[in-house]
Amino acid sequence: MKKLSSTLLFSALCVFAFGQNSPNLYGFIKTDNISVTQNGSNLKDPWAGGINSAQINTIDLDMDGTSDLVIFDRQGKNLLPYLAVGSGASAHYEYAPQYESILPPVDISASWTLFRDYNCDGKKDIFFSIGSYFYVWENTSGSSLSFSPANGGKAIQSSYNGHTSNLYVNSANIPGIIDIDDDGAIDLLTYVNGGIEVEFHQGQTPCGLSFINTETCWGHFTETGYKRGVNLNACTPRKKKTLHDGSTILPIDLDNDQVKDLILGNITFQTMTAVHNGGTLDSAHMVSQDTVYPIQNPVQIPFFPGAFYEDVDFDNIPDLLASPALVTSDGINKKSLYLYKNTGSTGTPNFVFQEEDFIQNEMIDMGERTVPRFADLTGDGLQDLVVSNSSYKLKDTANVHTYYFYTNVGTATQPAFSLTDTNFMNISSYGIGLGTIPTFADLDNDGDLDALVGDRTGKIHYFTNSSPSSPNFTLATAGIGSIDVGNNAAPFLYDLDSNGTYDLFVGNEVGTIYYYSNNSTSSPNFTLEDNRLGGITTKGANTYGYSIPYMFKKNGLDNLLVGSFSAGIFQFDSLSQVMNKPSLLQPNIGAGTLESSGSDETPFGIKRKNGRNQFLVKSSELRQAGLVFGYINAIAFKVTTSSNNIIENFHIRMKNTSDTVLNDFQTGLTEVLEIREQPSNGWSTFTFTTPFLWDGASSIVIETCFRGQPNSLDIKVEMTDVGFNANAYGDYVDPSLQGNGCAQPYIASTTRRPNVKIILTPAFANTENYMSGVYTAPALADLNGDGFVDMIMGNINGGLNYFEGKIYDVGIEEHKPTGVANLNVFPNPGNGSFTISTPNMSKANLSVFTLSGKLLMNKQVIADETKIDLQSQPDGMYLFILQGDGELRTAKVIKR
């Protein structure tokens, strides 16, 4: 099938670009092809990204008949694929990032992922949690790897005492999933909700996903967490529940008697417990235990160990691996994947300790939360790399905060990094706390790069450098002036206004960016200009933002990429256009001098108790008035005659739309204000509780509605006859009815629209979202001289990922549309449940892409309104493309 060229897709994206200039769009390929030398040897997989809380699974990724390795990291919410390469003594694993986009996406609430073959086809399927329920991806691979949702994409259910509901697994736990009773059906062991006993959910259908909760105290034991090990021969009645904080369950036959024993991890203890089953396949009964396991060299993970049983040394005998099931400030986040080789057999294992950092020892891993920064600190024209961490913690040590310095020992076309210093700048000696973040520029005009360092309290510290080739930093000013951006200051120095001085941009915990101008080339003097630069926010629903900015110039444009807590890397364009505009735009829309006549036309009502109006303002009117992409903070209507009475239960709602007339009420509007107000003569302003984001291209609908008015009101407004139906109104037959005005049905429309003042704060357009992950932090530069921007990204796992720049290119099915129009999607922004409105299109096809080009959905649209569910996708920006009837309609949709 032919593909649409990237030019047309680019045109679709440009509909949403800020201003008249086309945005820069960047393509990236995740690779591992820049060498890194550490401790005198080359790391095999330097850019794999770090490991904190590993869950180990094997699966055939490349369809060669050999099991490969996939690690799910609970803290990072990511899957790390490794291919098994070689044979015999040369067999080893190699990081294979190309499979990350093929494996199913991981939800931000996921706590476990286990690969099990439930349908008996010899291919491992993927069981994964979302919150306290779980789902299954069926392995549908043929000649290549593929997956599709099992069970219709719904949560797996079980029958509890004849009542079927979603099978509950406490999100703190890792369940045991295996055929316990050897009947050909997969079973599940998990702790009773809020209890200390293990439930047995018996699979009812061989090779299926039907479960019944047949036992509520499987194995006749309890685990309270008050003491090491379990209570044997003890079951607690359900009416006497004891709270259970968290455990991990690994079903395993430890003594070759064909019944499953258990290896348990508890959130309270460092060690693991082996519980031995003296019962039968159909009636488990735990009779003894080893409260520390393995007996020789027992697992000693400071917080909440979890165990996994997979062959990772290529001898066809499963080994034991252990890692924190959850990471806290008290747990380890470096050297956190223990390997015990099985020197026995599958049925009678004997576990011998091998290492604490399996797989980790071949990658960059600095513990937790890495932030990379490029800077030519050696003066050779090549970009060196400085990486900060939040901290790393080993077993029996305190948290250590440090910077690693990697010198670029390669060339302008083939970079290579060598770890030169693991305590760069001796940053921990200055007493400014853990988790600091540096940025580099020549602030004193002496020919070398100095540093600003942001700390967790929101302060900025100034370090001077005494050498352009052998960096040597000294703290010059602790806590610059009155700079305080809240928690977790992430500074970046960049000359945005091109005046020869480096200005300061600082991200923070809430996800905004502070902008400080600098008027000196030799003695930095920072002045706060904006505490919410460009209206930027990286905060998702119910999450922190943790904005980490990085700025660079490409194609003559200033580019800003910002890391975030959970929405990947944001790109914002049109920086100079926003910076050159007033901080607040407030034009009047409509110049007519008509006065509203009758109760239908005014947003406030004339002698009526309830009312509802919707006003359409075309995109062309908004742009002609000088408005640009940004947040509408308030609107005002010009009142010509007021009774000075208070309007009760007054609501304002808004939406972006592609419609050009109002012949009915529109749905899917976002409420921005609910108030009890007394309009006054002249411009009566209503300041929103929730600012409304205008996308810079759509028309907008403004709805006003109220109820419970005294019917003596007589509030008239100034109006303009705009020549098209721009004022839709509703009414009840009985004008004295005390109904809800906001629920009034549509009656008719008029061309007379109230004059309105729109008060807007210009914002940077969110041009693109790249990558995914938790606590993402970008650094960008053309490392290999090919003209494309490359990216190194830090993350919560304490490692780094490398993305090589490429041409931005997305393929979609080719059609020949007559033009690009706006697609009406509501609510937008939304929580993932969206509706697209496609009136007058008899048949069309909708494609949903991530803005980095990954196709998420392709479906036929035949109704006027179609529901689209993206609730399982991460927060961020998505591109909807509707094609049909000779049209191409597009929308950028925000999930938050």
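Residue numbers (our numbering): 809 to 1704.
C-beta atoms are modelled at their ideal positions from N, C-alpha and C, and glycine is treated no differently.
Item to complete: Quick one: residues in its chain with C-beta nearer than 7 Å to the C-beta of E1170, no 5 flanking neighbours on either side, listed in chain order?
Response: L851, K852 and D853
Discussion item. Taking its Cβ as the centre, do 16 or more other Cβ atoms sit within 10 Å of T1658, making it buried, or is it exposed?
Written reply: Looking at its Cβ environment, which holds 16 or more other Cβ atoms inside 10 Å, T1658 is buried.
Discussion item. Could you check whether the stretch 1284-1302 touches the stretch 1323-1335, counting it as contact only if at least three pairs of C-beta atoms, one from each stretch, sit closer than 8 Å?
Written reply: yes
Discussion item. Among the candidates I1075, D1069 and T1079, whose CA atom is the shortest distance from the CA of S1091?
Written reply: D1069
Item to complete: Tell me, please, whether the stretch 1337-1352 touches the stretch 1372-1391 by the rule of three or more beta-carbon pairs shorter than 8 Å.
Response: yes
Worksheet item: Should G1114 go down as buried or exposed, given a rule of 16 or more other Cβ atoms within 10 Å for buried?
Response: buried
Worksheet item: What beta strand (DSSP E) runs, 3 residues minimum, are completely inside the stretch 1034-1098?
Response: 1055-1060, 1069-1074 and 1080-1085
Discussion item. Applying the 10 Å Cβ sphere with the 16-neighbour rule, what's the burial state of A1556?
Written reply: So A1556 counts as exposed.
Worksheet entry | Spatially closest choice to S917 from Y907, R882 and Y1540, by CA coordinates | By alpha-carbon distance to S917, the top candidate from Y907, R882 and Y1540 is R882.
Item to complete: Answer yes or no: do P1180 and A1587 have a C-beta to C-beta separation smaller than 7 Å?
Response: yes
Discussion item. Classify S1355: buried if its beta carbon has 16 or more other beta carbons within 10 angstroms, exposed otherwise.
Written reply: Here S1355 is buried. Its C-beta has 16 or more other C-beta atoms within 10 Å.
Discussion item. Using the Cβ count rule (16 or more neighbours within 10 Å means buried), how would you classify S952?
Written reply: Classification for S952: exposed.
Discussion item. Using the three-state DSSP reduction, which class does G961 fall into: helix, strand or coil?
Written reply: helix
Practice prompt. Report the rounded CA-to-CA distance for I1057 versus D1683, giving the unit in angstroms.
Written response: 31 Å
Discussion item. If you measure between the beta carbons of I1440 and F1458, is that distance less than 7 Å?
Written reply: Cβ distance not < 7 Å, so I1440 and F1458 don't count as in contact.
Practice prompt. Evaluate contact between the stretch 1007-1021 and the stretch 1068-1085, counting only Cβ atoms and requiring at least three cross-stretch pairs below 8 Å.
Written response: Because the criterion of three Cβ pairs below 8 Å is not met, the stretch 1007-1021 and the stretch 1068-1085 do not touch.
Discussion item. Spatial neighbours of P957 within its chain, please: C-beta separation below 8 Å, excluding the five flanking residues on both sides.
Written reply: Y943, V944, W945 and E946
Worksheet item: What is the DSSP secondary structure of F1373, counted as helix, strand or coil?
Response: coil
Discussion item. Once DSSP output is grouped into helix, strand and coil, what is the label at Y1612?
Written reply: The identity of residue 1612 in the sequence shown is Glu, whereas the question assumes Tyr. Looking at E1612 - three-state DSSP - the assignment turns out to be strand.
Discussion item. As a quick exercise: from N1363, V1293, G1155 and T1151, pick the residue whose alpha carbon is nearest that of D1338.
Written reply: V1293
Worksheet item: In the DSSP assignment, what are the bridge partners of C1513?
Response: R1420 and H1459
Worksheet item: Of the residues L1664, F1642 and L1663, which one's Cα is nearest the Cα of I1702?
Response: F1642
Worksheet entry | Nearest to S1391 (by Cα), restricted to the options L1424, Y1323 and Y1578 | Y1323
Item to complete: Can you check the stretch 1524-1582 for any beta strand (DSSP E) of at least 3 residues that lies completely inside it and give the ranges in chain order?
Response: 1524-1529, 1535-1538, 1554-1558, 1560-1562, 1564-1570 and 1573-1578
Worksheet item: What is the DSSP secondary structure of E1164, reduced to helix, strand or coil?
Response: coil
Worksheet item: The alpha helix (DSSP H) spanning Q1432 covers which residue range?
Response: S1427 to Q1432
Discussion item. Using only the alpha-carbon positions, how far apart do I867 and G1243 sit?
Written reply: 37 Å
Practice prompt. Give the secondary structure of F1473 by DSSP, where H, G and I count as helix, E and B as strand, and everything else as coil.
Written response: coil
Worksheet item: Closest to S1153 by CA distance: which of D1381, K1142, D1127 and N959 is it?
Response: D1127
Item to complete: Rounded to whole angstroms, what's the CA-CA distance from H1093 to T1151? Just pull it up for me.
Response: 28 Å
Fill in: Exposure label - T1178; buried when at least 16 CB within 10 Å
buried
Discussion item. Just to confirm, is the Cβ distance from T1032 to I1004 under 7 Å?
Written reply: yes
Worksheet item: Quick one: Cα of D1119 to Cα of G1239, how far?
Response: 45 Å
Item to complete: Take L1631 and list the residues in its own chain whose beta-carbon comes closer than 7 Å to its own, dropping the five residues that flank it on each side.
Response: S1466, I1644, F1688, L1690, R1697, T1698 and A1699
Practice prompt. Note down, in chain order, each residue of its chain lying with its Cβ closer than 6 Å to the Cβ of I1510, except the 5 sequence neighbours on either side.
Written response: F1423 and M1462
Worksheet item: If we call anything under 7 Å between Cβ atoms a contact, is Q1162 one with L1147?
Response: yes
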